[in-house]
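Residue numbers (our numbering): 6 to 81.
Glycine is no exception: its CB is placed at the ideal position from the N, C-alpha and C atoms.
Worksheet: the structure to be examined is printed underneath.
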């Protein structure tokens, strides 16, 4: 596909990450930066702060993160 084709960019920009991919990004960020700095997790996962917090709560409900947002065995 030619790089100058505008339809290519329209399609590419409208694609969203699946939620499971975001969970993976959050877990990778926690492994890399720890749970002390929410800002580093947010930036590393490329999320808005409120969305990150909401998704981390969801991950706790699924058993992927513990009460202090540490990674559980299931999350690994």
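Residue 70 and residue 51 have their C-alpha atoms some 19 angstroms from each other. Inclusion of residue 49 and residue 30 in the CB contact set at 9 angstroms is warranted, their separation being smaller than that value.
A buried status is given to residue 28, since no fewer than 16 other beta-carbon atoms sit within 10 Å of its beta-carbon.
When secondary structure is reduced to three states using DSSP, residue 70 falls in the strand class.
For residue 24, the uninterrupted alpha helix (DSSP H) segment begins and ends at 24–38.
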